[in-house]
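Enquirer: Sequence order for the protein chains is A and B.
Going letter by letter, the first sequence gives residues 5 to 685 in our numbering.
Going letter by letter, the second sequence gives residues 5 to 685 in our numbering.
First the structure, which I've put down as structure tokens, then a few questions once you've had a look.
2 protein chains.
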Amino acid sequence: MSLENFFNPKSIAVIGATSDKNKVGYAFMSNLLQKNSGSENVANRKIYPVTLNEESVLGLPVFNSVLDIPDEIDLAIIAVRAQIVPKILTDCGQKNIKNVIVISSGFKETGFEGAELESQIGEIAKKYNIALLGPNCLGVISAKDDLNASFAGRKPLPGKIAFLSQSGALGTALVDWSFQEGVGFSKIVSLGNEAQLTETDFLEYLENDSDTSAILMYLETLNDGPRFMEVLSRVTTKKPVVIIKAGMGTHGNLAALSHTGALAPQSDVFIAACKQAGAVTVSSVRGFFNVVKVLSQTTQTATPIQRVIVLTNGGGPSVIAADLIDRSKSLSLVTLSNDTKEALREVLPPMAAIGNPIDVMGDALADRYEKSLQILSEAEDTDAILVILTPQMMTETKKTADVLLKFKDKINIFPVFIGGEFMEDGRKELIKSGLSCFDFPRDVVESLDYLAKNAPKNKSPLHRSKDFKRQDGEMMDFVCMKNLLSEYDIFISGKFLTKKEDLENTLQELGEGSYAMKAISKQAVHKTESGAVRLNIANLEEANRVWEEFWTTIPAVEGVLIQKMEKKGREVIIGMKKDNTFGSAIIFGLGGIFTEAIKDTTIRVAPFGKEEALKMMKDIKGIKILQDFRGEPPVNFEMLSQIIVNLSRLALEHPEIKEIDLNPVMATENSATIIDARVMI
Amino acid sequence: MSLENFFNPKSIAVIGATSDKNKVGYAFMSNLLQKNSGSENVANRKIYPVTLNEESVLGLPVFNSVLDIPDEIDLAIIAVRAQIVPKILTDCGQKNIKNVIVISSGFKETGFEGAELESQIGEIAKKYNIALLGPNCLGVISAKDDLNASFAGRKPLPGKIAFLSQSGALGTALVDWSFQEGVGFSKIVSLGNEAQLTETDFLEYLENDSDTSAILMYLETLNDGPRFMEVLSRVTTKKPVVIIKAGMGTHGNLAALSHTGALAPQSDVFIAACKQAGAVTVSSVRGFFNVVKVLSQTTQTATPIQRVIVLTNGGGPSVIAADLIDRSKSLSLVTLSNDTKEALREVLPPMAAIGNPIDVMGDALADRYEKSLQILSEAEDTDAILVILTPQMMTETKKTADVLLKFKDKINIFPVFIGGEFMEDGRKELIKSGLSCFDFPRDVVESLDYLAKNAPKNKSPLHRSKDFKRQDGEMMDFVCMKNLLSEYDIFISGKFLTKKEDLENTLQELGEGSYAMKAISKQAVHKTESGAVRLNIANLEEANRVWEEFWTTIPAVEGVLIQKMEKKGREVIIGMKKDNTFGSAIIFGLGGIFTEAIKDTTIRVAPFGKEEALKMMKDIKGIKILQDFRGEPPVNFEMLSQIIVNLSRLALEHPEIKEIDLNPVMATENSATIIDARVMI
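Printed below as a string of structure tokens:
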């Protein structure tokens, strides 16, 4: 199935074409006929209006059905009422049209009947091997091919950023906004209901699209999490992918829940999955739009911008910018060399600050910016210069803009013109000539931080796993669980006994020390609270007594787990939770009191290898606790990572399992002892 | 000293007035003469140019010295080179001018000589009882009095927000920006170097300024932290104060430092102090400007806006807005009543979403917004409506703006028009008629969150404390410290012994159990690491042995602290650190492993009462640990708060103390036991 003809078709049929300016069918016709580019492809592109109601549309003769068109059709656009879409789509199939956009709404977004209709058109597309975009979408725009197959009133400026959107509103808003910011797009796809083609199909198409150097996605749902991750992690090694997802809020309540399920709400898994696959995730529209501006003017997107110089004519805003950079974990202020400082000293007035930020002073004309940039654009270890201009009495807004434009091909320049009308000339000058203009320092710093945080890196290969839809479940029997885990070299500490007579031998086997005894019963899930855990048992006599007590006080005892008590170690949690979208999410975190007080966990989507497991553990906030700590050597990260990897394998090979808790796991320099575990099927 | 004449003088002398349009002296003259208001005061205001070089300036006759002016002068503005400012200021004093603005730069911002000159003019002002603003400032603007005593080219729109700025650049940028946003100001003061009058003086003045309903401050330094807090906490009960402070970044490194000093870097104390006094602190210029927009259109500023409805014509952005609200701790989405929903159902098309967010659909004309707002503006428990408009094919931008304006006096309406040129008409329409227009949902949500987080509340009275400048210091002797602390009812657990013979009696006194022994020595500050702490001592025999070991292995032992070991309890830290600006900062936090892994602390500036101490403890992230936890009852917050209050009193009465650590304090249901303490003088 080729998507190429969505963007560069030689012939297009518009079904539902009309001369009525208030209708979508008119907007499409009119947009398709507006061709600016002189390329042969574009000039020869044929547009065929199809309708029953009119004789000609925009001067073109009309056909009653696609079947009547004497030409081959590369792309059909359907904008008729939902009820007759199946009929029209069948016509397209019979005409052997392989790419179809259904604009019409009235499908699954309207309820049960619409959903029926939608699955119907999905079936028809499948039958005729049609690549179907929509329904309920706004269409497609391609800059290079000068194609506006959408009802956006005005085609966006050409550029190198592609945008895939599940929200029509955000798409039109972004396009409208892009004009005033001088931001251009390579391709825009409004995904609609995704009856067939999904965000992942177009993402994959854009992977090798040479016109696209960065990809934006607005997502509300994902159809196939594992495939999305697989494709995404491939694409992000080639070009940055920036994702904004709606529906990330959590009403989640951590109260008293220390099990894996509560520690990995779905939105957290989504963000973890995107990051793991190397994408940049953004949480606000403003953040998203700002990242677009930064990407649109960044010359090389392969290595992220991290080392920044701030150049300003006003102290206040530059101090704030420096603060923001300082607080970002991924950015840094360049420390200027003495040579650079001396050179600056020579061209700037004696009162100018020549550290970083460099303050050329409130009375600076454009020439001071120019002299400084001549020096700074050559500075070592510098990725970008953030240039702040505030409106002072002598400020030359437009001239300063012209200076910045001179340097834009030498180094990444991010102009921040703070103010209003006074700055307007300069702002327009920049945008006209291909530099974005930012309003406030945060707009740049936050965007650079987003991009740098997720610099592409080597990623573990991802396999697909399906059939993991979650249902309500029950706790796995202890013995089954113990056996299942041990198949994957995950061993629960201690011995499980069902006969009191075995106590003596077992204590001997475990060796001298004190012991813990745990009654295993489905009716005592919270062992501590229900009295099913006894600690500090010193000898056989005490053990026998506890055994008796268990059998008399705990309902439905199946047996007793006896463990040697660990004197030392730091508690961690390792867990797995099935996520409806991504499959197995593996959770690692500090255990015990830390889990309950603050949610200090990190998430990865399975499967992944040891290297990723090691990285994952380093992500927790309290990592210090597991490293050299109070005279204790670091815990054995190797052994922990082996458990994590084994657990991730287990989860994939047992799709019926919904949740696994290994909690607590006591970690020391040379051991990782699993004290307790739970598995939910 | 009255500040009134800075804003509404009847007569003004401009020293350094000139006809040279490139000079500041011209800008002032020209701005002062531009009077739009017809009020009698303004019309009769006299302007006297003073210069040696010209015969008339802007048609006004010139005086050679203020002493030559035959009229009384309420305000003098000095814009001559720094070196002759002392002479001119002396003239002003002799002329009995009580309010002077020194615009000239070349003072302490330039180094040692300038600082000399600055202290000289401070002395002169003092001698003649002059209220002096500046030097190195941009002047003053007052809307009501139609006074532009600044070199801002254009007077801001009149409004109800006052702005005090230590940054000239930010001030001019804010004014320039305010025109395009339709935001007005009551008074603007550029504070300059603050040779005499400070931010606090003007804050105090604005407290009772009936034209000002909200105050903005840009701060870089504070001269007198305690007085600032005292005034600020009074003002914030009357009107919101929003503060942006530059220089908040911290290169702070938590590595291995668990003592109070490391837990309270100066910037954290600043923020804590502002919040404690009821102010809103903002960290980015964009955040600051957005708060200004929100404040400028909020009708009542006394109670914060918290309960929000989102109304939209596009799903994507509204979901993101709802997410942002959801994640804010201080805001909430209104749950619409069934009546409201039914009413909406009747006026909106069947496919419209009538939950909150309410989606009037992409094809909505202005009338759907109007019908919805008629219902929603009457909705219960609602503080504000965030109205999102995205550019769709049929969208009526300007008409929708007119609809919003109809409701602006009924309820707080925050329009968010996402897009560019298409939205421009609507945006202009709103701003023209007194509504701000926001670009993105976050701009509103973040601002409301800032404002709601610090809703005014009852605050403890604040006293002044001075003379606490910090120097390098040394550790207080253990015995002195124990005595000092006990004067304030802060008792270190256990007995301090210097004679081995006392061991036996002491163990009896402490009662049965196991004991801890700690060798007290100035040469063993890190007790655990230097072997000066021994735990789990069972009896007298062992205690004697440890005693001997201490005396042979630890250098300079002064005595031994013997404590009964606490079986239970949760570790907390209580500490105090002197801050150069605010005096005593009191720190509370979870102790032990929590301090080291994550910095879970909260800060208040002393002194404060028990109520504030109780609130303070609730601010830590891991508060759960101290409440009902794993079957343990809550710790005794009463006792902890008593220690906190006592410590804050001690700190105030002993300005020579720089740092106090009570660490750890073991807290249980009915005790708060101080296990160890340190005091730095």
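Quick reminder that beta carbons are idealized off the backbone N, C-alpha and C, glycines included.
What number of angstroms, rounded off, separates the C-alpha of A166 of chain B from the C-alpha of A21 of chain B?
Expert: Counting from 1 along the second sequence, the entry for residue 166 of chain B is found at position 162. Counting from 1 along the second sequence, the entry for residue 21 of chain B is found at position 17. Between A166 of chain B and A21 of chain B, the C-alpha separation is close to 27 Å.
Enquirer: Would you verify that the beta carbon of M252 of chain A is, or is not, closer than 8 Å to some beta carbon of chain B?
Expert: On the first sequence, residue 252 of chain A is found 248 positions in, with the first residue counted as 1. In this prediction, M252 of chain A scores a pLDDT of 47, lower than 50, which makes its location untrustworthy; the coordinate-derived value is nonetheless stated afterwards. Cβ-Cβ to chain B under 8 Å: yes for M252 of chain A.
Enquirer: Note down, in chain order, every chain A residue with its Cβ under 7 Å from the Cβ of E425 of chain B.
Expert: The residue given as residue 425 of chain B occupies position 421 in the second sequence. Chain A residues near E425 of chain B: D180, F183 and Q184.
Enquirer: Would you identify the three-state DSSP class for P395 of chain A, choosing helix, strand or coil?
Expert: Here residue 395 of chain A is taken as the residue at index 391 of the first sequence, counted from 1. Coil at P395 of chain A, not helix or strand.
Enquirer: Which value, in whole angstroms, describes the spacing of the CA atoms of D205 of chain B and G596 of chain A?
Expert: As a working mapping, residue 205 of chain B is identified with position 201 in the second sequence. As a working mapping, residue 596 of chain A is identified with position 592 in the first sequence. So the alpha carbons of these two residues sit roughly 52 Å apart.
Enquirer: Are L315 of chain B and L380 of chain B closer than 8 Å when you measure CB to CB?
Expert: Mapped onto the second sequence, residue 315 of chain B falls at position 311. Mapped onto the second sequence, residue 380 of chain B falls at position 376. A contact, by the Cβ cut-off of 8 Å.
Enquirer: Would a check of beta-carbon distances place R85 of chain A closer than 8 Å to chain B?
Expert: For the purposes of this step, residue 85 of chain A is identified with residue 81 of the first sequence, where counting begins at 1. It does not: the Cβ of R85 of chain A has no partner Cβ on chain B nearer than 8 Å.
Enquirer: Which class does Q567 of chain A belong to by DSSP, given the choice of helix, strand or coil?
Expert: On the first sequence, residue 567 of chain A is found 563 positions in, with the first residue counted as 1. In the structure shown, Q567 of chain A sits in a strand (DSSP, three-state: E or B).
Enquirer: Relative to the C-alpha of P226 of chain A, which residue among A:K249, A:S214 and A:K242 is closest?
Expert: Within the first sequence, residue 226 of chain A is the residue found at index 222, counting from 1. Per the sequence shown, residue 226 of chain A should be read as Leu rather than Pro. L226 of chain A has its Cα closest to that of A:K249, out of A:K249, A:S214 and A:K242.
Enquirer: Using the Cα positions of D453 of chain A and F411 of chain A, report the straight-line distance between them to the nearest angstrom.
Expert: Numbered from 1 along the first sequence, position 449 holds the residue referred to as residue 453 of chain A. Numbered from 1 along the first sequence, position 407 holds the residue referred to as residue 411 of chain A. Going by the C-alpha atoms only, they are around 23 Å apart.
Enquirer: According to DSSP, simplified to helix, strand and coil, what is K473 of chain A?
Expert: The residue you call residue 473 of chain A lines up with position 469 of the first sequence. Here the model assigns K473 of chain A a pLDDT of 37, short of 50, so the residue's position is not dependable, and the following value carries that caveat. Note: K473 of chain A maps to coil in three-state DSSP.
Enquirer: Give every residue of the same chain whose Cβ lies closer than 7 Å to the Cβ of V407 of chain A, excluding the five residues on either side of it in the sequence, and list them in chain order.
Expert: As a first step, residue 407 of chain A is located in the first sequence; it is residue number 403 there, counting from the start. Result list for V407 of chain A: A370, Y373, E374 and L377, in chain order.
Enquirer: Start and end of the beta strand (DSSP E) containing S123 of chain B?
Expert: In the second sequence, residue 123 of chain B corresponds to position 119, counting from 1. From DSSP, S123 of chain B is part of no beta strand (DSSP E) but of the alpha helix (DSSP H) over F116 to K131.
Enquirer: Just checking, does the stretch 508-519 of chain B make contact with the stretch 536-553 of chain B on the three C-beta pairs under 8 Å criterion?
Expert: Yes, the stretch 508-519 of chain B is in contact with the stretch 536-553 of chain B.
Enquirer: Using a Cβ-Cβ cut-off of less than 9 Å, list which residues of the stretch 311-341 of chain A approach chain B; keep chain order.
Expert: Those would be T316, N317, G318, G319, G320, P321, S322, V323, I324, A325, A326, D327, L328, I329, D330 and R331, in chain order.
Enquirer: Look up E575 of chain B in the DSSP assignment and say whether it is helix, strand or coil.
Expert: As a first step, residue 575 of chain B is located in the second sequence; it is residue number 571 there, counting from the start. Three-state DSSP puts E575 of chain B in a strand.
Enquirer: For K191 of chain B, would you say it is in contact with chain A, using Cβ-to-Cβ distances shorter than 8 Å as the test?
Expert: Position 187 of the second sequence holds residue 191 of chain B. Answer no: the Cβ-Cβ gap between K191 of chain B and chain A never drops below 8 Å.
Enquirer: Hey, how far is the Cα of I392 of chain B from the Cα of L455 of chain B?
Expert: Translated into positions along the second sequence, residue 392 of chain B becomes position 388. Translated into positions along the second sequence, residue 455 of chain B becomes position 451. Those two C-alpha atoms are separated by around 21 Å.
Enquirer: Taking Cβ positions only, does D476 of chain B come closer than 8 Å to chain A?
Expert: Translated into positions along the second sequence, residue 476 of chain B becomes position 472. Any reading at D476 of chain B needs caution, since the residue's pLDDT is 47, under 50, leaving its predicted position unreliable; the model's value is listed next. No - not a single Cβ of chain A is within 8 Å of the one on D476 of chain B.
Enquirer: In this structure, how does DSSP classify Y222 of chain A when only helix, strand and coil are distinguished?
Expert: Taking the first sequence and counting its residues from 1, one reaches residue 222 of chain A at position 218. Y222 of chain A falls in the strand class under three-state DSSP.
Enquirer: From A119 of chain B to S23 of chain B, what does the alpha carbon distance come to, in whole angstroms?
Expert: In the second sequence, the residue the question calls residue 119 of chain B occupies position 115. In the second sequence, the residue the question calls residue 23 of chain B occupies position 19. The straight-line gap from Cα to Cα measures roughly 31 Å.
Enquirer: Exposed or buried, T394 of chain A, counting other C-beta atoms within 10 Å across all chains shown (16 or more means buried)?
Expert: In the first sequence, the residue the question calls residue 394 of chain A occupies position 390. By the 10 Å Cβ count, T394 of chain A comes out buried.
Enquirer: Exposed or buried, what is E76 of chain A when buried is set at 16 or more other beta-carbons lying within 10 Å of its beta-carbon?
Expert: Position 72 of the first sequence, counted from the start, is the residue given in the question as residue 76 of chain A. Flag for E76 of chain A reads exposed.
Enquirer: What residue does the beta strand (DSSP E) around N317 of chain A start on, and which one ends it?
Expert: The residue you call residue 317 of chain A lines up with position 313 of the first sequence. Segment: none, N317 of chain A is in no beta strand (DSSP E) and carries neither H nor E.
Enquirer: Can you pull the chain A neighbours of I92 of chain B, defined as C-beta to C-beta under 8 Å?
Expert: Residue 92 of chain B sits at position 88 when you count from the first residue of the second sequence. In chain order: nothing, as chain A lies at least about 22 Å away.
Enquirer: Express the C-alpha separation of K581 of chain B and Q475 of chain B in angstroms, rounding to a whole number.
Expert: One-based indexing of the second sequence puts residue 475 of chain B at position 471. One-based indexing of the second sequence puts residue 581 of chain B at position 577. At Q475 of chain B the pLDDT is 40, less than 50, meaning the model places this residue with poor confidence; the figure from the coordinates comes in the next sentence. Near 12 Å, if we compare the C-alpha coordinates of K581 of chain B and Q475 of chain B.
Enquirer: Looking at chain B, which residues of the stretch 163-179 of chain A have a Cβ within less than 7 Å of any of its Cβ atoms?
Expert: Answer set for the stretch 163-179 of chain A: S171, G172, A173, L174, T176 and A177.
Enquirer: Only counting the same chain, and skipping five residues up and downstream in sequence, which positions put a Cβ closer than 6 Å to that of M727 of chain B?
Expert: As displayed, chain B neither begins before 5 nor continues past 685, which places residue 727 of chain B out of reach and without an answer.
Enquirer: Could you pull out every residue in the same chain whose Cβ sits closer than 6 Å to the Cβ of M620 of chain B, ignoring the five residues on either side in sequence?
Expert: Residue 620 of chain B sits at position 616 when you count from the first residue of the second sequence. For M620 of chain B, where only same-chain residues beyond five positions count, the Cβ hits under 6 Å are F592, T606 and R608.
Enquirer: With a threshold of 16 other CB atoms inside 10 Å of the CB of V686 of chain B, please say whether the residue is buried or exposed.
Expert: Any answer about residue 686 of chain B is impossible in this case: the structure gives chain B only from 5 up to 685.
Enquirer: For chain B, find out if any of its Cβ atoms is closer than 8 Å to the Cβ of P65 of chain A; answer yes or no.
Expert: One-based indexing of the first sequence puts residue 65 of chain A at position 61. Judged by the 8 Å Cβ criterion, P65 of chain A is not in contact with chain B.
Enquirer: Give, in chain order, every residue of the stretch 212-237 of chain A whose Cβ lies closer than 8 Å to some Cβ of chain B.
Expert: For the stretch 212-237 of chain A, which is checked against every Cβ of chain B, the residues closer than 8 Å are Y222 and E224.
Enquirer: Roughly how many angstroms lie between the CA atoms of P561 of chain B and W551 of chain B, to the nearest whole one?
Expert: Stepping through the second sequence from its first residue, residue 561 of chain B is reached at position 557. Stepping through the second sequence from its first residue, residue 551 of chain B is reached at position 547. Here residue 561 of chain B is Val; the residue named in the question, Pro, does not match the sequence. For V561 of chain B and W551 of chain B, the distance between alpha carbons rounds to 10 Å.
Enquirer: Count the other CB atoms, across all protein chains shown, that sit within 10 Å of the CB of E478 of chain A; report buried if there are 16 or more and exposed otherwise.
Expert: To locate residue 478 of chain A, count along the first sequence from 1; it is residue 474. Exposed is the call here.
Enquirer: List the residues that DSSP assigns as beta-bridge partners of K581 of chain A.
Expert: Taking the first residue of the first sequence as 1, we reach residue 581 of chain A at position 577. Answer is A:A589 and A:E663.
Enquirer: Between T404 of chain A and I88 of chain B, what straight-line distance do the alpha-carbon atoms span, to the nearest angstrom?
Expert: Here residue 404 of chain A corresponds to residue number 400 of the first sequence, with the count starting at 1. Here residue 88 of chain B corresponds to residue number 84 of the second sequence, with the count starting at 1. Computed Cα separation, rounded: 34 Å.
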